[in-house]
Amino acid sequence: MSVGMDLWRLAYSLLLFLASSSSYIAVDFVRANVVFPVEHKFKGLERNLSAFKAHDVRRHGRTLFDVDLKLGGNGQPTETGLYFAKIGIGSPSKQYYVQVDTGSDILWVNCIGCSRCPKKSSLGIELTLYDPKSSSTSSLVTCDQDFCNSTYDGPLAGCRPGLACQYNVVYGDGSSTSGYFVEDNVQLDQVTGNLQTAPANGSIIFGCGSKQSGELGSSSEALDGILGFGQANSSMISQLASAGKLKKMFAHCLDNIHGGGIFAIGQVVHPKVNTTPLVPNQAHYNVVLKDIEVGGDVLSLPSDTFENGLRKGTIIDSGTTLAYLPEVVYETLIPKIMAQQHGLTLHTVEDQFSCFQYIGNVDDGFPTVKFHFDRSLSLTVYPHEYLFQIRDDLWCIGWQNSGIQSKDGSQMTLLGDLVLSNKLVLYDLVELAIGWTEYNCSSGIKVKDDSGVVYSVGAHNLSSASTKIIRRTVTSSLLLITMLQSFLY
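If you read the sequence shown in UniProt numbering, its first letter stands for residue 1, the second for the next number, and so on.
Laid out in structure tokens, this is it:
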């Protein structure tokens, strides 16, 4: 999904479904980092290749593994405005490019026979339609399976054996994707050594998109689908973790300088990252924001500014390009960051960006903005990060007024790639915490596997073409998700 759909993917509770018991990892993993004590285990037994192979298969099937997810794209609003990964699906495996999105909860890809699916992409990648019939490991998820019953919180009226479990995702700008759920192998890159990986297959349930509308049918920044990394049981990481195949931990370092970056599933041990607790019982990665500091001065705001009814806390979302603030925060923040530049005049570009003419180093002319969270965790945003340049002397402000941008006037705080880029962001869903640290996203990190061995995971930058134009953002950041209670015949 393009930055043209830069929206608050606040996935509604209708997608909080349990991963089915059929989710599993195929036992064909290569574990170069595990040392088997075979000389003891097989002592006194006939040593033959079959025995060793059987032992390896059993051992690998029990071992948690780490994943290196190769990234492409760039978070700059003047470039692609999103980050995407390459994964394999099916048997034989075919490659698909999907947007990486921590603000949504399912994986879906465009399928063969899709209505209004894009046929080409301005990102310079080749799009592929998924064909369930061409995969020997694909199976239809029917409406009478536990998976579908969990999705709709019970059996559905009109359901008959063999009918598909359908879905419909409607985004805030009216764009939508609909289709049906299937189960198939997804191929990921398992970390097997320093900067080394080997293919690993896992079976998960995901959406097979049969109809797209709005921006999802456009060739602008088009991808094959979206890979949701939300907390719900429906997400890929939740399904694989429930199957006991990997730890429910991941980290990303989004490089908006060179593009691409790092995305790893597993326990990150270097660099060290301080964390803050996740707000419980929220659909997304929400944290408690205490205050905001601009140029060393804390903004004077009402005490309940960051409390919003049932939607508690500040949302951290890699699927959103910009950063959205409640109106009272926005109206206080903008004058503060412009205070040193009395002669500058703000004017509106594309009906929503506040822009100005400026020549010089913005880091010298504008203040640093710092967010303070629970447990003394802070997040620093520099002028060159919250300001983006659309030509030599024209700069625009990345902070957005959430009250104006959302159709329902929601006063929410959402931090997207504008502030998350160039930082290692760690999601620990075991301890229910999230953290970050400033980092060079073109370097590498270290992860520890289940056997205690530490390996290096490097940065990637998948080939991508981009053009220097502002990608249009939508007026609503709210992601609405509905499930059609009807079935394919």
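Ideal Cβ positions, reconstructed from N, Cα and C, are used throughout, including at glycine.
Assigned secondary structure, residue i (DSSP; H/G/I helix, E/B strand, else coil)
i      : result
Val419 : helix
Ile237 : helix
Leu333 : helix
Gly228 : strand
Lys247 : coil
Val362 : helix
Arg391 : strand
Pro199 : strand
Pro277 : strand
Gly458 : strand
Lys448 : strand
Pro155 : coil
Ser150 : helix
Tyr96  : strand
Lys119 : coil
Gly207 : strand
Residues near residue i in its chain [Cβ-Cβ closer than 8 Å; skip 5 each side]
i      : result
Ile315 : Trp8, Leu10, Gly103, His284, Tyr285, Asn286, Met412, Thr413, Leu414 and Leu415
Val141 : Ser20, Phe147, Cys148, Ala164, Cys165, Tyr180, Phe181, Val182, Glu183 and Ile205
Thr437 : Pro271, Lys272, Val273, Asn274, Lys423 and Leu424
Ala241 : Lys247, Lys248 and Leu429
Same chain only: Cβ atoms within 7 Å of residue i, ignoring 5 sequence neighbours per side
i      : result
Val76  : Residue identity differs from the one stated: residue 76 is Gln in this sequence, not Val. So the qualifying residues of the chain are Asn256 and Phe388.
Gly174 : Gly214
Ala32  : Residue placement at Ala32 is flagged as unreliable, the pLDDT there being 32, under the threshold of 50; the coordinate-derived value follows with that caveat. Hits under 7 Å: Thr192 and Gly193.
Thr345 : Phe356
Asp101 : Arg9, Ile226, Leu227, Gly228, Phe229, Ser318 and Gly319
Straight-line Cα distance separating residue j from residue i
i           : j      : result
Leu462      : Val98  : 12 Å
Gly214      : Gly319 : 18 Å
Ile237      : Phe356 : 42 Å
residue 499 : Ser139 : Only positions 1 to 489 of the chain appear in this structure, which leaves residue 499 out of reach.
Leu278      : Leu107 : 23 Å
Gln187      : Asp297 : 49 Å
Gly295      : Asp428 : 31 Å
Gln196      : Asp66  : 11 Å
His435      : Phe373 : According to the sequence as given, residue 435 is Gly; it is not His. Cα to Cα, the separation comes out at about 10 Å.
Leu432      : Asp351 : 39 Å
Ile359      : Asn422 : 24 Å
Ser354      : Thr348 : 5 Å
Ser203      : Ala243 : 10 Å
Lys290      : Pro326 : 14 Å
Asn168      : Tyr324 : 26 Å
Leu129      : Asp363 : 45 Å
Ile390      : Gly398 : 12 Å
Glu307      : Tyr386 : 24 Å
Asp392      : Gly207 : 43 Å
Ala232      : Gln239 : 9 Å
His384      : Asn281 : 35 Å
Neighbourhood of residue i by C-beta, 6 Å cutoff - its chain only, sequence neighbours within 5 removed
i           : result
residue 560 : The shown model of the chain, from 1 to 489, leaves out residue 560, and the question about it has no answer.
His55       : Because His55 sits at a pLDDT of 41, beneath the cut-off of 50, its placement in the model cannot be relied upon, and the following sentence gives the value as read from the coordinates. Correct list: empty, nothing qualifies.
Ser456      : Asn194, Leu195, Gly444 and Lys446
Per DSSP, cross-strand counterpart(s) of residue i
i      : result
Phe65  : Phe65 pairs with nothing; no bridge assigned.
Leu322 : BP columns for Leu322 are empty, so no partner.
Asp297 : Val294
Gly72  : Phe84 and Leu462
Report yes or no: do the region 333 to 340 and the region 367 to 378 share at least 3 C-beta pairs separated by less than 8 Å? yes
At a cut of 8 Å, does the region 110 to 124 reach the region 217 to 224 through at least three beta carbon pairs? Verdict: yes, contact present.
Given 8 Å, three or more beta-carbon pairs between the region 323 to 330 and the region 392 to 403: yes
For the 8 Å Cβ check, are there 3 or more pairs between the region 78 to 86 and the region 175 to 183? no
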